[in-house]
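If you count the sequence shown from 1, position 81 lands on 165 in this note's numbering, and the numbers rise without skipping. Using N, Cα and C, we set each Cβ at its ideal position, and we do this for glycine too. Before any comments, here is the structure.
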Amino acid sequence: MSFFGGADDLERFLSRCRVMTVASVPVCLAVMIFFISEEGWRFSLLLCCVLPVIAAYLGVRGRSEIRAGMAASGLALAVATLPLALVLASLEGA
């Protein structure tokens, strides 16, 4: 018996990770463009260009190779991108 229960649960988890990581790319780019227009350029906003693309790669690759750890790390990276960029921007502005 596996951690995910069965093959359907693993497939659903991998598919959701893939969709969420790929969807994070345009969201982070839109947020980055918004913050640049409102607050000006910060080097920490560069994370919004780089990290979602890496997360999407991990999510898609984890789905195609059926690797739950890789997909989960991509999802964690996609979720952590915006808070990390905003915290670093506030530290940079201070």
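Open item on the list: Can you tell me whether I120 is helix, strand or coil according to DSSP?
Closed with: The residue labelled residue 120 in the question sits at position 36 within the sequence shown. I120 falls in the helix class under three-state DSSP.
Task: Inter-residue spacing [alpha-carbon to alpha-carbon] between V134 and T105 - done: As a working note, residue 134 is residue 50 in the sequence shown. As a working note, residue 105 is residue 21 in the sequence shown. Their Cα atoms are separated by approximately 13 Å.
Open item on the list: Shorter than 7 Å, the distance from the beta carbon of R126 to the closest heavy atom of the ligand MG, or not?
Closed with: Absence of the ligand MG is noted for the structure shown, with no ligands found whatsoever.
Open item on the list: Just to check my reading of the structure: C101 and R147 have Cβ atoms closer than 8 Å, yes? What is that Cβ distance to the nearest angstrom?
Closed with: If you number the sequence shown from 1, residue 101 lands on position 17. If you number the sequence shown from 1, residue 147 lands on position 63. Sure, about 7 Å apart at Cβ, within 8 Å.
Open item on the list: Here's a check: name, in chain order, each residue in its chain whose Cβ is nearer than 8 Å to the Cβ of L51, leaving out the five neighbours to either side.
Closed with: In this structure the chain extends from 85 to 178, so residue 51 is not present and cannot be described.
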